[in-house]
Amino acid sequence: MSKLVRRTFALVAAAGIGAASLVGAASPAAAAADYNGACGDGYAVINSYDLSSDRGTIFLTYNNSTGHNCVTTVRTVAGTTTLVEAMIRVSGSSDWIIDSDDYTTYAGPVYVAAAGKCIDWGGTIGTETQTFPNEHCG
């Protein structure tokens, strides 16, 4: 291999390693929050929604043995207190079951007995609220 080819190959390889190092060193985009198990034993995640700007995730869980649904809203990164809400109700009810306060990590759990019924569920982090009506009927 000629000196010029070896030098070009070395420069390309070094540039590739340097670029890979930069990519590896860059902080990754914040992932959606993980479910924290706050609803307790027997609850499995059946739905979730990632709020914008990597604020966090609203989790809907269900316990097959009890027929209860549960909602928690988990911040992606714990920090200073901010408004965090978890909410749930049987569809058609006027009253939300809600946990709402300035929290550092998560709101909830909030529960509703809804076997054989539809539910409305949702959550808030900061200024963003999402609700999901008439879901998971049955």
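So for the sequence shown, numbering that gives the first Met the number 0 puts the first residue at 0; every next one is plus one. Ideal Cβ placement from N, Cα and C applies to all residues, glycine included. Everything numeric in this text was worked out from a predicted model, so none of it was measured.
Nearest neighbour of Asp-100 by Cα position, chosen from Asn-46, Ile-124, Ser-51, turns out to be Ile-124.
Between the alpha carbons of Arg-74 and Ser-64 lies a distance of about 28 Å.
The beta carbons of Ser-90 and Asp-119 sit about 5 Å from each other, so the pair counts as a contact at 8 Å. Comparing C-alpha distances from Thr-71 to each of Thr-81, Ile-97, Glu-127, Glu-134 shows the shortest one belongs to Ile-97.
As summarised for the region 25-99, the continuous beta strand (DSSP E) elements at least 3 residues long and confined to that stretch are 42-49, 55-62, 67-74, 81-89, given in chain order. Scanning its chain for C-beta atoms nearer than 6 Å, with the 5 sequence neighbours on each side dropped, one finds around Ala-106 the residues Thr-72, Val-83, Glu-84, Ala-85, Asp-98, in chain order. Only exposed fits Asn-133, as fewer than 16 other CB atoms lie within 10 angstroms of its CB.
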